Amino acid sequence: MPADPPRRLRVVGNSGAGKTTLAREAARRLGVGHLELDAVFWAEHWTMRDVAEAHALLRDFLASPGARDGWVTDGNWNSRRGELLEDADAVVWLDYPRRVVMARVLRRTLRRGALREELWHGNRERLRNLLRREPDENIVLWSWTQHESYRERYAALASSGDVPVIRLRHPREARAWLESLEPGTPGRG
């Protein structure tokens, strides 16, 4: 008899890799709740939410009926989430080549800026931020400068054996992994 499939997943990777898109679809296919960690940790006006308040939101989500049978979260936030998601069955790591991530984050940023898409709590990306030289204010620079850092962090996690890591190195691998999850039923990792 096969092992039980993962029902509590953390999707991680560089900004612009497609974490939220993959996490939403995985949650839909598994029939479990989804939580975007950016919506938890960012507050209005691009301010960081108080850690205690963010942790309360995370605990509320984990206790909600939608997350009772499992959950999928997306986002890194390792320094702020504490141990609240440590019981994940697996970590899905989007470890795409830098050129793929950069093309995606640039397209996404241009679309969001041009269409003034609301992200969380009234926050919107601004096209003028693409001219800023500080990675904390320019998501494209952030993605460029953090690429190796995330790669090192999640390679170390995979090597540690603390939690199974599903490493997806290209969008084709991500699509194949998603297709292995049967809609509405427990998936296979």
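At position 90 of the sequence shown the residue is numbered 90 (UniProt numbering), and the sequence of numbers has no breaks. Note that the Cβ used here is the ideal one computed from N, Cα and C, for glycine as well. Note that the structure is predicted; figures quoted are calculated from it, not measured.
Check                                                                                                          : Outcome
Residue burial classification, Ser159 (beta-carbon count within 10 angstroms, cutoff 16)                       : exposed
Other residues of its chain near Asn76: CB distance less than 6 Å, five sequence neighbours each side excluded : Val12
7 Å Cβ shell around Arg151 - same chain, five flanking residues per side excluded                              : Asp95
Unbroken stretches of the alpha helix (DSSP H), 4 residues or longer, contained in the stretch 128-168         : 139-160
Nearest-angstrom Cα separation, counted from Ala114 out to Pro146                                              : Checking the sequence shown, residue 146 turns out to be Gln, not Pro. Gln146 and Ala114: Cα-Cα distance of roughly 25 Å.
Reduced DSSP secondary structure (H/G/I, E/B, other) of Glu118                                                 : strand
Every unbroken beta strand (DSSP E) inside the stretch 54-78 [3 residues or more]                              : 71-74
Buried/exposed call for Glu179, threshold 16 Cβ in 10 Å                                                        : exposed
Range covered by the beta strand (DSSP E) that runs through Val91                                              : Ala90 to Leu94
Chain C within 7 Å of Ala17, Cβ atoms only                                                                     : Among the chains in the structure shown there is no chain C, since it carries only a single protein chain.
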